[in-house]
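Okay, so here's the structure we're looking at.
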Amino acid sequence: MARLLYSATMSLDGFIAGPDGDMSWLSAFSGPDPAVDALVDEIGALLVGNRTYRGDDPNRGTDNEGAFGGAWCGPQFVLTHHIPETPVPGTTFLDDLDTAIAAAKQAAGGKYVNVLGADVAAQCLTAGHLDEILVYIAPVLLGAGTRLFLHDGGTNISLERLSTNESLAATSIWYRVPR
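The working numbering puts the first residue of the sequence shown at 903, with every later residue one more than the last.
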């Protein structure tokens, strides 16, 4: 059964995007990373928030455009309240979280559904659907922007660390979300 994995690169001060969704800071931390390369092969579908889907790709217009620096391709499911009238090949737009998760899991087969976007990840976590979190911590301080998670309510959610990895570009920590 497919599992939901939220993966993101985060600044040391907790931001996955700079002010106004700026993602250009990521370019300094991209490059060969065996852990990322291995992850890409384990992803069967993407579940993407609308802001992330329409957002700032630091590789836009290059061969590296898209998820994981262009290394991943496959079905995308975009959670949005604004479904476009014109279809986009390889992309399904849905306005219901549970429906989007079910469709993405079916498309992923036994592989991961990789969640992209802080808001969608928070919705998945709140609804009890998020299975794992993989955070790449980049050695940079952004000072403002989009947080990795905004968790309303102030309740603690304990995570189980699965692994850590260090590369030249970032340190990664992989967690399981206990149920």
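Note that the Cβ used here is the ideal one computed from N, Cα and C, for glycine as well.
Residue i versus residue j - alpha carbon distance
{"i": "E1034", "j": "W1076", "result": "7 angstroms"}
{"i": "A1006", "j": "Q1025", "result": "15 angstroms"}
{"i": "V1015", "j": "A947", "result": "5 angstroms"}
{"i": "P989", "j": "V1022", "result": "21 angstroms"}
{"i": "V1079", "j": "A930", "result": "30 angstroms"}
{"i": "T1028", "j": "L906", "result": "13 angstroms"}
{"i": "D943", "j": "W974", "result": "8 angstroms"}
{"i": "L941", "j": "A1072", "result": "15 angstroms"}
{"i": "G923", "j": "G951", "result": "13 angstroms"}
{"i": "P977", "j": "T1057", "result": "34 angstroms"}
{"i": "E987", "j": "S932", "result": "34 angstroms"}
{"i": "E1062", "j": "P991", "result": "37 angstroms"}
{"i": "Y908", "j": "F995", "result": "19 angstroms"}
{"i": "M925", "j": "S913", "result": "11 angstroms"}
{"i": "S1074", "j": "A904", "result": "22 angstroms"}
{"i": "T1066", "j": "I1003", "result": "27 angstroms"}
According to DSSP, residues forming a beta bridge with residue i
{"i": "R1063", "result": "Y1077"}
{"i": "M912", "result": "I1039"}
{"i": "I945", "result": "Y1014"}
{"i": "F1051", "result": "In DSSP, F1051 forms no bridge with anything."}
{"i": "E1068", "result": "T1073"}
{"i": "Q1008", "result": "DSSP, once it has assigned bridges, lists no residue as partnering Q1008."}
{"i": "T994", "result": "F979"}
{"i": "A919", "result": "T1048"}
Simplified DSSP state of residue i, which is helix, strand or coil
{"i": "S926", "result": "helix"}
{"i": "L1032", "result": "coil"}
{"i": "I1003", "result": "helix"}
{"i": "L1027", "result": "helix"}
{"i": "F931", "result": "helix"}
{"i": "A904", "result": "coil"}
{"i": "T1057", "result": "coil"}
{"i": "T954", "result": "helix"}
{"i": "A1046", "result": "coil"}
{"i": "P936", "result": "helix"}
CB contact flag (residue i, residue j, <9 angstroms)
{"i": "S1060", "j": "P936", "result": "no"}
{"i": "L1018", "j": "L949", "result": "yes"}
{"i": "T911", "j": "V1037", "result": "yes"}
{"i": "G1030", "j": "I918", "result": "no"}
{"i": "A1020", "j": "L1052", "result": "yes"}
{"i": "G916", "j": "W927", "result": "no"}
Contact test: residue i Cβ vs the ligand SAM heavy atom, cutoff 8 angstroms
{"i": "D997", "result": "Absence of the ligand SAM from the depicted structure is noted, as is the absence of any ligand whatsoever, leaving it without description."}
Segment contact, 8 angstroms Cβ cut-off, at least three pairs: the segment 986-999 with the segment 1032-1046: no
Given 8 angstroms, three or more beta-carbon pairs between the segment 1003-1016 and the segment 982-992: no
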